[in-house]
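Chains as they are written, first to last, in the working numbering: chain C, 263 to 542; chain A, 4 to 177. Heads up, the beta-carbon is just placed ideally off N, CA and C, and yes, glycines get one too.
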């Protein structure tokens with residue numbers, strides 16, 4: 263095809279406009295498609311059929327495994343979690359694991375990577391379980407697992423309700439923030455649809471109302487006040503407290519200001535000795 | 004410490020929290036308020052065995068928290084008392100901090116402290132950070148500042164029976 267100069271001057275701007283228009287149209291289509299896919303993904307997460315993800319724990323830092331027992335050998339032990347299903351869980355999930363109730367350790371924190379790596383912004387402390395199941399295990403010698411001197415054995419199953427982002431690349435679990443042995447077994451994430459979340463919510467609140475019917479009035483009043491002042495998101499926070507900002511802040515406060523080290527203990531003992539000497 | 008049908012685990016934890024105090028010049032006075040649960044008496048006997056500074060009295064009739072606290076108080080020989088409920092736990096430096104304050108301010112008759120709640124899993128939450136002494140703005144009677152684990156001076160044996168059953172009922176409803 264051959265253009266004469268005067269035709270070139272006329273056609274080129276037209277083609278340029280056409281291309282620019284097409285480019286804009288493609289961008290709009292991409293945006294619309296992303297929105298629709300986001301909506302579909304969102305709806306899929308809400309109305310998801312319950313799906314269990316048994317999780318494999320992969321120690322990556324400060325953790326030793328001796329005879330099947332986990333030992334933290336540093337201040338920042340970490341596990342990477344791998345779903346045996348083949349993809350990370352997403353959306354509302356019920357996390358459950360076996361633990362040893364008599365062993366006091368800081369609540370584990372779940373870190374979520376949505377593509378930008380693990381960070382404190384995507385950290386979920388597992389503090390308030392929605393359900394605690396006691397499991398009774400008798401040892402060979404007949405002792406109960408609560409003996410502090412005995413080998414740690416799981417005696418409770420803890421359940422947490424957590425809302426994960428819809429796109430999860432990887433999950434990390436930091437079980438505690440100090441040295442010591444701990445029990446963490448049979449970790450699983452169960453993806454819940456809307457029905458599952460509602461059932462979990464009802465199970466959590468109706469149980470206490472059933473035992474103490476007068477609580478119903480208070481729950482209804484508090485829920486109404488929360489809805490009025492904070493809207494639907496406040497209501498969600500009220501029924502499914504998972505922001506846990508206050509709890510997280512207090513846990514941090516306890517860790518910094520109200521947890522004694524061996525050095526603190528020996529200093530206190532020295533001070534007490536000084537008191538005795540000055541009084542005698 | 005008044006005790007009534009406490010679960011074995013919680014009672015063990017309460018007693019263990021006193022035993023593990025860094026300050027060791029204490030006596031634990033326990034009043035069993037006619038518990039019907041069999042494990043309570045066995046556990047209290049176990050706690051008392053070989054520990055001269057753990058004293059236990061068994062009430063024949065149920066007197067609720069006030070009378071049970073008075074029964075426990077009757078066993079006390081120290082200058083200061085700390086109220087501890089049968090489901091409470093002390094941090095290991097709780098008595099030490101009280102002793103520090105009493106040594107710094109020997110004239111005080113009441114020491115109160117912050118408190119929080121603890122889950123069965125040992126997680127501390129819902130802290131109650133109490134304000135400084137402010138009898139005008141927030142009279143101590145209007146808030147539960149000094150119920151536990153507040154320490155108070157015991158001036159004389161004659162004034163030991165000051166807890167009233169009505170106080171107990173009011174407190175329980177809070």
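Within the same chain, show all residues whose beta-carbon is closer than 6 Å to that of residue i, passing over the 5 residues directly before and after it, in chain order.
i             : result
residue 411/C : Confidence is the limiting factor: at residue 411/C the pLDDT is only 40, short of 50, which leaves the residue's position unreliable, though a coordinate-based value still follows. For residue 411/C, where only same-chain residues beyond five positions count, there are no Cβ hits under 6 Å.
residue 402/C : Summary for residue 402/C: the model assigns pLDDT 45, below 50, so the residue's position carries little reliability, and this model does not support an answer.
residue 347/C : 315
residue 23/A  : 95
residue 50/A  : 18, 57
residue 45/A  : none
residue 515/C : none
Do you know how far the Cα of residue j is from the Cα of residue i?
i             : j             : result
residue 67/A  : residue 36/A  : 7 Å
residue 381/C : residue 41/A  : 51 Å
residue 407/C : residue 296/C : Because residue 407/C sits at a pLDDT of 40, beneath the cut-off of 50, its placement in the model cannot be relied upon, and the following sentence gives the value as read from the coordinates. If I take the Cα positions, the gap works out to 52 Å.
residue 48/A  : residue 424/C : 45 Å
residue 485/C : residue 128/A : 21 Å
residue 489/C : residue 479/C : 15 Å
residue 271/C : residue 288/C : 27 Å
residue 482/C : residue 529/C : 51 Å
residue 385/C : residue 375/C : 9 Å
residue 345/C : residue 351/C : 7 Å
residue 278/C : residue 284/C : 10 Å
residue 324/C : residue 286/C : 52 Å
residue 302/C : residue 326/C : 43 Å
residue 432/C : residue 531/C : 46 Å
residue 519/C : residue 513/C : 10 Å
residue 79/A  : residue 521/C : 30 Å
residue 493/C : residue 349/C : 34 Å
residue 456/C : residue 377/C : 26 Å
residue 536/C : residue 379/C : 52 Å
residue 141/A : residue 523/C : Reliability fails at residue 141/A, whose pLDDT of 49 lies under 50, so the model's placement of it is uncertain and the value that follows must be treated cautiously. Between residue 141/A and residue 523/C, the C-alpha separation is close to 35 Å.
Excluding the five sequence neighbours on either side, which residues of its own chain have a C-beta within less than 7 Å of the C-beta of residue i, listed in chain order?
i             : result
residue 107/A : none
residue 2/A   : This structure gives no information on residue 2/A, because the portion of chain A shown stretches from 4 to 177.
residue 292/C : none
residue 355/C : 424, 426, 451, 452, 453, 454
residue 166/A : Unreliable positioning characterises residue 166/A in this predicted model, as indicated by a pLDDT of 46, which lies under 50. A coordinate reading is not provided.
residue 448/C : 359, 360
residue 9/A   : 43, 89, 90
residue 145/A : Confidence at residue 145/A is low in this model, with a pLDDT of 47, below 50, so the placement of that residue is unreliable and no value is reported for it.
residue 81/A  : 30
Considering Cα atoms alone, identify which of the options is closest to residue i.
i             : options                    : result
residue 83/A  : 13/A, 109/A, 121/A, 34/A   : 109/A
residue 538/C : 126/A, 127/A, 102/A        : 102/A
residue 21/A  : 81/A, 4/A, 34/A, 121/A     : 4/A
residue 313/C : 521/C, 458/C, 283/C        : 458/C
residue 339/C : 345/C, 274/C, 373/C, 290/C : 373/C
residue 54/A  : 62/A, 28/A, 104/A, 124/A   : 28/A
residue 124/A : 280/C, 390/C, 386/C        : 390/C
residue 321/C : 334/C, 329/C, 456/C        : 334/C
residue 39/A  : 19/A, 52/A, 58/A, 11/A     : 11/A
residue 357/C : 388/C, 349/C, 494/C, 512/C : 388/C
residue 330/C : 290/C, 311/C, 443/C, 294/C : 443/C
Taking a contact to mean a Cβ-Cβ separation below 8 Å, would you say residue i touches residue j in this structure?
i             : j             : result
residue 93/A  : residue 72/A  : no
residue 361/C : residue 445/C : yes
residue 527/C : residue 25/A  : yes
residue 96/A  : residue 14/A  : no
residue 421/C : residue 392/C : yes
residue 74/A  : residue 64/A  : no
residue 332/C : residue 434/C : no
residue 7/A   : residue 534/C : no
residue 370/C : residue 438/C : yes
residue 56/A  : residue 31/A  : yes
residue 525/C : residue 441/C : no
residue 105/A : residue 112/A : no
residue 317/C : residue 281/C : no
residue 298/C : residue 353/C : no
Spatial neighbours of residue i within its chain, please: CB distance less than 8 Å, with the 5 preceding and 5 following residues excluded, ordered by chain position.
i             : result
residue 16/A  : 92
residue 122/A : 128
residue 62/A  : 34, 35, 36, 37, 70, 71, 74
residue 496/C : 488, 489
residue 290/C : none
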